[in-house]
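Novice:
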Amino acid sequence: MTIGALSPVSGLSGLASAQPTGATATGNFLDVVNAALQGVSATQNDASKAEAGYAIGAPGATLGTALAASDRAEVAWNATVSVRNEVVSAYQSIMNMQF
């Protein structure tokens with residue numbers, strides 16, 4: 020895996036485009052969230068594999084690759100938490116409205 024192969028927020032591609040890969044325009048919000056979370060999980064798994072590969076001295080595993088994958092996973096996780104916080108804030112604002 021090369022450093023330029025994945026963008027820092029590749030795990031959030033579903034959120035960024037508001038449509039999971041392969042979904043139709045009629046996809047629902049749950050599908051978008053599920054695809055985004057699966058992307059973040061895959062990014063974290065890639066980081067774990069890169070770190071483990073470097074730790075055991077696997078051929079081709081470098082510290083730079085492991086650090087880049089770890090940073091990519093951290094950015095994806097932080098973005099996910101930020102989106103969750105905004106959704107919770109919007110929900111609380113709606114629930115506090117008086118009709």
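Under my numbering, read the sequence shown as residues 20 to 118, first letter to last. Just so it is clear, CB atoms sit at the ideal spot from N, CA and C, and this is done for glycine as well. Since this is a predicted model, take the numbers as computed values, not measurements.
Answer with buried or exposed for Gly83, where buried requires no fewer than 16 other C-beta atoms within 10 angstroms of its C-beta.
Specialist: Here residue 83 refers to the residue found at position 64 of the sequence shown. Exposed.
Novice: With Ala55 and Glu70 assumed to form a contact (beta carbons below 8 Å), what rounded beta-carbon distance in angstroms separates them?
Specialist: Position 36 of the sequence shown, counted from the first residue, corresponds to residue 55. Position 51 of the sequence shown, counted from the first residue, corresponds to residue 70. Wrong, their Cβ atoms sit about 23 Å apart, outside the cutoff.
Novice: For a quick check, are the C-beta atoms of Val59 and Thr99 less than 9 Å apart?
Specialist: Reading the sequence shown from its first residue, position 40 is the one you call residue 59. Reading the sequence shown from its first residue, position 80 is the one you call residue 99. Closer than 9 Å, so yes.
Novice: Quick one, which of Ala87, Pro78, Val106 has its alpha-carbon nearest Phe48's?
Specialist: In the sequence shown, counting from the first residue as 1, residue 48 sits at position 29. Ranking Ala87, Pro78, Val106 by Cα distance to Phe48 puts Val106 first.
Novice: Taking Arg103 and Ala66 to be in contact with their CB atoms under 8 Å, please state how far apart those CB atoms are, rounded to whole angstroms.
Specialist: In the sequence shown, counting from the first residue as 1, residue 103 sits at position 84. In the sequence shown, counting from the first residue as 1, residue 66 sits at position 47. About 20 Å separates the two Cβ atoms, so there is no contact after all.
Novice: DSSP state of Met114, grouped into three classes?
Specialist: Mapped onto the sequence shown, residue 114 falls at position 95. Helix.
Novice: Using a threshold of 9 Å, state whether the C-beta atoms of Ala61 and Gly72 are closer than that.
Specialist: Working through the sequence shown from its first residue, we reach residue 61 at position 42. Working through the sequence shown from its first residue, we reach residue 72 at position 53. It is not a contact, given that the beta carbons lie outside the stated cut-off.
Novice: Between which two residues does the alpha helix (DSSP H) harbouring Gly72 extend?
Specialist: Residue mapping note: residue 72 aligns to position 53 of the sequence shown, counting from 1. Run containing Gly72: 48 to 75, per the alpha helix (DSSP H) assignment.
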